[in-house]
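In this note's numbering, the protein residues as written are 5 to 185.
Glycine residues also receive a C-beta, built at the ideal position from the N, C-alpha and C atoms.
None of the values given here were measured: they were computed from a predicted structure.
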C-alpha cells in the first residue's frame, strides 16, 4: 500500500505540473469518433508543426469527451490560462491554431468553450460544460473522458483512480459486502 501512495503522490505532482503548465499543452480528441472524423490527420499536422517550428509544447491524446458530432476536438492550454476547446478541427484549422494562437498569441477562431476548473465565463468564453448535451450531467464514471490521456495511468491515479479499490482493502471483504447492501 505504501508503494501505491508513493505512486499516487508522484501522479498528483505530474498532473498538477500539467495543469499549471509552463509551456503550451495541446490535447487532441483521439476516441473512435474523433479518429473517424479526422483526428489522426489533425494529430499528425500538429506534431509536424511543433517540430517544424521548434516549439516547446506538449502534445497529448485524450479520449472522447461526449459530443461526438463536434469532433475532432483540439484543446490548447497556455500557461496561466484555462484549457480552450476548439471543435470540428481539420488539418487546416489545426495549423492555423498553432500558428495564430500558440505562436502568434491570439486567434480569430472561436473556442467552443473552456475546460477550466471554474465553470464561469472566461474572457467571453463559456465553460465547455455548459454545452446543451453536458450542462445537466453529473459525470462520475466518465469524469475523466476527454480530460486525461487514457494511455497514462498517472493521469487516472491523480484524478482519483483506484480510490474504490483502496477503500475495499481498508474495509475488507465483509465491509465491501455491507457497502453494497
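- Within the DSSP bridge table, the entry for residue 32 names 65 and 78 as partners.
- In its chain, beyond the 5 residues on either side, 28, 29, 30, 31, 87, 88, 90, 101, 105 and 106 have a beta carbon closer than 8 Å to the beta carbon of residue 80.
- Residue 83 and residue 25 have their C-alpha atoms spaced approximately 5 Å apart.
- Minimum Cα-Cα distance from residue 149 among the listed residues 50, 36, 13 and 127 corresponds to 36.
- The C-alpha of residue 132 is placed about 31 Å away from the C-alpha of residue 56.
- Contact between residue 99 and residue 49 holds: their C-beta atoms lie close to 6 Å from each other, under 8 Å.
- In this structure, the alpha-carbon of residue 165 lies about 28 Å from that of residue 73.
- Taking a cut-off of 8 Å for Cβ pairs, the region 9-18 and the region 151-159 touch, as three or more such pairs fall below it.
- Looking from the CA of residue 146, the closest CA among 54, 69 and 41 belongs to 69.
- If you compare the alpha carbons of 85, 162 and 122 with that of residue 110, the shortest gap goes to 85.
- Here residue 173 is exposed, its C-beta having fewer than 16 other C-beta atoms within 10 Å.
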